[in-house]
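Under this note's numbering, read the sequence shown as residues 293 to 617, first letter to last. Structure record follows, encoded as structure tokens.
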Amino acid sequence: MKTYQELWQSLTPLYEASEAQAIVRLVLEVKYGMTLTDIIGGKVNELSADEGKKLEEIIERLQNAEPVQYVLGQTDFMGMTFHVEPGVLIPRPETAELCQWIIDAEKEKMEKAQLLLHTQDTKRPNMGKGEGLYELRIVDFCTGSGCIAITLNLSIPHSEVMGIDISDKALSVAKQNALQLKAPNIVFDQEDVIQLEKSVEKLHETSDEQIKEYRAACDMIVSNPPYICNKEKADMAKNVLDHEPSIALFVPDEDPLLFYRAIAKIGRYILKPFGTLYFEVNPSYADAIKLMLENQDYKEVEIKEDSFGKKRMIRARKDAFSMCE
């Protein structure tokens, strides 16, 4: 059986030493329950023959540039463990920052609403968190693993969330995650965002009463759509290019705003007046997306940087009188 050092060194053709070490430590922790102390103490050499064989198979998959999240079948996101598998985009830290921005904004809004209610009626009985306030209807386009939809549903009191994706595999995984994490009020629907943009009237003609009611008026749209141009592939890691779903990653070089424009147009139909739109964006096109939203009559368009100082998120509000022609 190889030592811990030999295991991580076998991954250095693909990863920096520190990342290779972190990957192997994660595998040993998740699959074999080893702590860092166990690893340093050489417990990896105490694995049984069967355990050692399975570990070798895992390392072989990692040597083929398969993401460790797929190998383990899980990833951590916002303090929760989400199931992931090939065919479904792996949640990123930048997406967690988008979720936190939304959660913080809604918490502030709710606190102001509670203060207003208390000021208007001091005789009102004490309310629990969010009690007596509006319900928040959220649509998450390109939901993937459901990480955004589920996180918001679990973090924002009285929220109702619909996750939408074109992929059967993504929706299956999202539903599994919602069940596993006990998201209280969430549904998923299969739709092609681009086709919806081309025929928005379909949103109001569906025979599904639950979906029809939900789409008639929502408070928030959020999306982390495909936003990487094909010309950017040369700068991407092999484990992403070879294994993660291209349908969730790439847009045509000639139309990098394809999904943002479509979702913004849909938003003009389904958002309530003053409803909010949140995007995770390609930093290279943040300014162009901001201009596009302003041209579609969205107001208060704001770009927010991520923890690395990149223009990664955008928030906008629907104008009270805005509606698609």
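Ideal placement from N, C-alpha and C gives every residue a C-beta, glycine not left out. Computed from a prediction, not measured in an experiment: that's the story for all the values here.
Collapsed DSSP secondary structure at residue i in the structure displayed
i    : result
C439 : helix
G424 : Below a pLDDT of 50, predicted positions are generally treated as unreliable, and G424, at 46, falls in that range; the measurement from the model is reported next regardless. Three-state DSSP puts G424 in coil, outside helix and strand.
D511 : strand
I555 : helix
H375 : strand
L299 : helix
T367 : strand
D545 : coil
G601 : coil
V380 : coil
L339 : coil
D432 : strand
E358 : coil
K596 : strand
I448 : coil
P575 : helix
P385 : helix
K294 : coil
Cβ neighbours of residue i in the same chain (closer than 8 Å, five flanking residues each side left out)
i    : result
P544 : C521, N522, L550
L364 : L318, V319, V322, K323
K564 : A509, C510, D511, K610
Counterpart residues of residue i in DSSP-defined beta bridges
i    : result
K591 : R609
Y570 : V514, R607
C521 : V543
Residues near residue i in its chain [Cβ-Cβ closer than 6 Å; skip 5 each side]
i    : result
Y577 : P548
Range of the contiguous alpha helix (DSSP H) that encloses residue i
i    : result
I315 : 309-324
D484 : It is not in any alpha helix (DSSP H) - D484 carries neither H nor E in the DSSP assignment.
I539 : I539 -> no alpha helix (DSSP H), and no H or E assigned at all.
Beta carbon proximity, residue i to chain C, threshold 7 Å
i    : result
V319 : You won't find chain C in this structure, because it holds only one protein chain.
Same chain, Cβ closer than 7 Å to residue i, neighbours up to 5 away in sequence not counted
i    : result
F600 : none
A463 : Just to set this straight, residue 463 is Leu in the shown sequence, not Ala. So the qualifying residues of the chain are D457, F480, Q482.
K335 : M326
Please list the segments of the alpha helix (DSSP H) lying wholly inside the region 454-481, counting only runs of 4 or more residues, in order along the chain. 460-472
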